[in-house]
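Undergrad: When you line the sequence shown up against this note's numbering, it's residues 60 to 262, in that order. Beta carbons are placed, not taken as given, at the ideal position from N, Cα and C, and that holds for glycine.
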Amino acid sequence: MSALLGGSLVLVFVWLLAGSIGAPLPEDAALLGTGVLIHRDLVEPVLAMVVVFVGVLGGDAILFFTARRLGPAAYQRKLFQKILPPERRARLEHAFERHGGKLVFAGRHVAGLRAAVFAMAGINGMRPRRFLFWDALAACITVPLTVAVGYAGSAHVDRVRAGVARFEHYVLAVVVIALLGLWSWHHVRLLHGDRAPSTPAHA
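1. Pull up the distance between the alpha-carbon of V169 and that of R188, whole angstroms please.
2. I'd like the list of long-range same chain contacts for T201, defined as Cβ closer than 7 Å, with 5 residues on each side in sequence excluded.
3. Taking P104 as part of the alpha helix (DSSP H), name the residues at either end of that continuous run.
4. Using the Cα positions of L122 and G181, report the straight-line distance between them to the nearest angstrom.
5. Do you know whose CA, among C199, D194, V208, lies nearest V109's CA?
6. Between T93 and V111, is the Cβ-Cβ spacing less than 7 Å?
7. Exposed or buried, what is L89 when buried is set at 16 or more other beta-carbons lying within 10 Å of its beta-carbon?
8. So the alpha helix (DSSP H) I142 belongs to, where does it begin and stop?
9. Looking at the unbroken alpha helix (DSSP H) that takes in A88, where does it start and where does it end?
10. Considering M179, what are the terminal residues of the alpha helix (DSSP H) in which it resides?
11. Per DSSP, what kind of secondary structure is G159 in: helix, strand or coil?
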């Protein structure tokens with residue numbers, strides 16, 4: 060069990076970090092999966108939450124500090140060209156000038172906008188403390204909520220599966236009763252036919 064626990068959490072952690080640097084691995088999928096693992100008692104809840112928080116914030120920090128180190132030159136890199144195409148860049152630059160840290164907070168709640176906002180914050184030279192504050196504040200909402208959705212979804216699946224199993228048992232019982240009823244009715248008819256008086260022949 061300990062090997063399974065460690066392996067599952069390592070996979071979640073690597074998934075979160077890889078997703079932050081451009082791999083097609085949605086963060087929310089890892090968080091939902093963590094909720095399922097917790098519900099099935101495959102991981103220890105407190106340790107799992109620590110791992111996902113470190114993975115989420117660590118991945119965000121990798122993207123932010125990479126963009127911050129590159130500055131505007133990041134726009135020439137393929138990763139950032141994908142995250143920040145020209146039309147999105149113009150909108151986010153305007154929003155960043157107006158809202159700054161609040162945009163980081165809001166961006167964490169939107170999966171399709173998250174990486175773009177974090178990259179923009181780094182390229183525009185946001186102070187690391189400020190970025191980490193707003194990012195961690197938002198993560199305290201989204202991470203537990205998404206894990207809880209995965210937990211609840213796993214519980215719902217188990218209830219549905221149990222309900223289907225009970226339904227199958229009921230159907231089987233009905234089929235058996237119906238077959239017994241048909242068998243009984245058939246034999247009653249045969250017995251009734253054997254006991255029926257024969258009709259006398261006319262001279």
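TA: According to the data block:
1. Working through the sequence shown from its first residue, we reach residue 169 at position 110. Working through the sequence shown from its first residue, we reach residue 188 at position 129. Looking at the two C-alpha atoms, the distance is approximately 22 Å.
2. Position 142 of the sequence shown, counted from the first residue, corresponds to residue 201. So the qualifying residues of the chain are R167, H168.
3. By one-based count along the sequence shown, residue 104 stands at place 45. That run of the alpha helix (DSSP H) goes 104-129.
4. On the sequence shown, position 63 is the one that residue 122 refers to. On the sequence shown, position 122 is the one that residue 181 refers to. The alpha-carbon atoms of L122 and G181 are separated by roughly 8 Å.
5. By 1-based counting over the sequence shown, the position of residue 109 is 50. The candidate whose alpha carbon is nearest that of V109 is C199.
6. Translated into the one-based positions of the sequence shown, residue 93 becomes position 34. Translated into the one-based positions of the sequence shown, residue 111 becomes position 52. Yes; because the gap between Cβ atoms is below 7 Å, this pair is in contact.
7. Stepping through the sequence shown from its first residue, residue 89 is reached at position 30. A quick correction: the sequence has Ala, not Leu, at residue 89. Burial call: buried.
8. Residue mapping note: residue 142 aligns to position 83 of the sequence shown, counting from 1. It spans 137-142 - the alpha helix (DSSP H) in which I142 sits, taken as one unbroken run.
9. Within the sequence shown, residue 88 is the residue found at index 29, counting from 1. That run of the alpha helix (DSSP H) goes 86-98.
10. The count along the sequence shown starts at 1 and reaches residue 179 at position 120. Per DSSP, M179 belongs to the alpha helix (DSSP H) from 170-182.
11. In the sequence shown, residue 159 corresponds to position 100, counting from 1. In this structure, G159 counts as coil in the three-state DSSP scheme.
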